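Read through the structure below, which is laid out as structure tokens, and then see the notes.
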Amino acid sequence: MTEDILSSFRKRFNYTGLILAGPYSKELKHNLSQAIVHLEALERIGSPIIPYIAAWRPDDEHIWYEYTGLRLHSLLGLKTTDLAEAFRANIITRCLYRNQKNPPAIDKIIRNRSQIDSMRNSMRRVAERSGAVEAVYKIEANNGPVWLKDLARIEIHNRDGVVLSYGSLIDVTKEMLLEEKLIEVQSELSFHKENLEFIVIERTKELRKAQLDVVSRLAHAAAYRDGETGAHIKRLSQYCGILGRSFGLSKKANWALFHAVPMHDVGKLGIDDSILRKPGPLSSNEFEIIKTHCQVGADLLGGSDSFLLTVAKTIALSHHERWDGSGYPQGLTEWQIPLASRITSICDVFDALTSKRPYKKAWDFEDAVSEVTRLRSIYFDPKLVDLFMENLPKIKKIFQTNTA
Ligand SMILES: [Fe+2]
Ligand SMILES: [Fe+2]
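With my numbering as the guide, the letters of the sequence shown map in order to residues 7 to 410.
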């Protein structure tokens with residue numbers, strides 16, 4: 007029987023049949039012949055599975071095919087004798103699939119050719135150990151790429167010093183081409199998505215920058231009118247930033263506090279020059295008018311969806327409130343006063359004390375600090391005064407750096 011198979015095999019494929027004609031045991035040759043008969047029968051009934059039997063010696067790199075289904079030859083346009091070399095030379099990509107138990111998800115690893123070359127031997131060892139191979143190969147055939155899914159069972163014949171791989175190939179070219187197309191479309195889509203996200207981020211940055219620019223100009227306009235300097239605004243933001251951070255404000259809240267606080271006196275834009283710039287002491291009537299800058303500022307900054315302007319409005323309205331309720335415009339006490347305004351109040355008074363004005367000299371740093379502590383629980387939130395004292399070295403550094 008072995009001889010019959012060998013001669014028909016040779017006739018059909020011009021193939022030598024290395025095992026059937028070689029120095030191997032009768033038992034091996036018999037089993038192999040039986041297998042070939044079965045595989046040929048399988049092909050004759052029109053199974054979509056393309057069977058093959060490959061062989062190698064464990065200590066040798068060389069693989070050869072003892073049997074290959076006829077459809078494989080027409081699919082690749084190759085003879086059996088050329089198959090091993092064609093597989094070796096023309097595999098573009100090899101995808102390893104491992105079927106997992108439940109659910110039967112597919113774990114796919116795509117290797118490039120150089121990776122495959124370097125792992126060819128170890129893959130074969132794994133196949134010998136596990137007794138099975140599962141893989142998908144992309145082969146550059148004469149008529150274009152062909153994808154083959156391979157499921158093989160490995161048999162080691164120690165006595166004959168040979169390993170046999172009984173495999174079934176399925177042509178999965180259509181599916182894999184579709185998958186490649188899908189990957190291509192997905193990568194194109196993700197590129198567009200990334201591009202859009204980048205544009206949105208850039209626009210948001212631009213808008214935020216424009217918003218901060220306008221806000222800063224508004225704050226400077228108010229300060230300029232009041233005879234304040236840009237340095238006051240800058241120090242105030244930095245002092246408030248230190249207290250806010252130390253209090254544990256979120257990054258976003260502290261960012262808003264830092265940029266909103268320069269607008270605390272924006273309402274002074276609505277106060278008449280004759281009162282605002284009056285060199286002498288103010289009458290009680292004039293002082294009442296000055297007090298309106300809080301509400302005017304809140305009206306100017308209110309009505310916006312912007313978080314920054316909402317914080318700015320709050321500060322403008324209540325930065326003259328005092329812990330003991332003696333402030334204005336609402337006479338709020340303690341925690342009724344919004345946190346941002348309580349922080350602003352300490353820093354604004356401290357900076358006013360250490361600044362030179364037409365009607366007064368600048369106080370020494372230490373004297374102004376003593377005044378802040380004296381006003382603890384009178385004007386100012388005691389906890390915030392404590393934080394102010396804890397951060398005195400940082401406050402002093404800002405004072406020294408930004409005071410001409
Ligand atoms: Fe004010
Ligand atoms: Fe101020």
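Where a beta carbon is used, it is the ideal one built from N, C-alpha and C, also for glycine. The structure presented is a predicted model; accordingly, all values stated were derived computationally and were not measured.
Collapsing the DSSP output to three states places R159 in a strand. Two segments are said to touch when three or more pairs of C-beta atoms, one from each, lie closer than 8 Å; by this definition the region 189-208 does not touch the region 52-70. When C-alpha distances from P364 are compared across R283, I145, D88, the shortest belongs to R283. A distance below 9 Å separates the beta carbons of I248 and N397.
Of the other Cβ atoms in all chains shown, 16 or more fall within 10 Å of the Cβ of W70; this residue is therefore buried.
In the DSSP assignment, Y143 falls within the unbroken beta strand (DSSP E) covering 138-147.
Set against 8 Å, the gap from the CB of C300 to the closest heavy atom of ligand 1 is smaller.
In this structure, G337 lies away from C300, with their beta-carbon atoms at least 9 Å apart. In this structure, I352 is the residue among L314, G150, D177, I352 with its C-alpha nearest to the C-alpha of P388. Rounded to the nearest angstrom, the gap between the Cα atoms of V221 and L188 is 49 Å. For K274, the CB falls within less than 8 Å of some heavy atom of ligand 1. Residue burial is scored here from C-beta neighbours: L255 has at least 16 other C-beta atoms within 10 angstroms and is therefore classed as buried. The C-alpha of T320 lies about 12 Å from the C-alpha of Q342.
If you draw a 10 Å sphere on the C-beta of E91, you find fewer than 16 other C-beta atoms in it, and that means exposed. Going by DSSP, T74 is part of the beta strand (DSSP E) stretching over 69-74.
Annotated three-state conformation of Y230 is helix, per DSSP. When DSSP reads this structure, L154 sits in a beta bridge with Y143, D177. Counting only unbroken stretches of 4 or more residues, the alpha helix (DSSP H) elements lying wholly within the region 373-401 are 388-396, in sequence order. Residue pairing from DSSP places V169 in a beta bridge opposite W62, I162.
Between R159 and G137, the CB-CB gap stays under 9 Å. Beta-bridge partners of I56 (DSSP): L175.
The Cβ atoms of I162 and V152 do not sit closer than 9 Å to each other. In this structure, M269 keeps its C-beta atom at 9 Å or more from the C-beta atom of A216.
Judged by the Cβ position, H238 fails to qualify as a neighbour of ligand 1 at the 8 Å threshold, every heavy atom of the ligand being at least this far.
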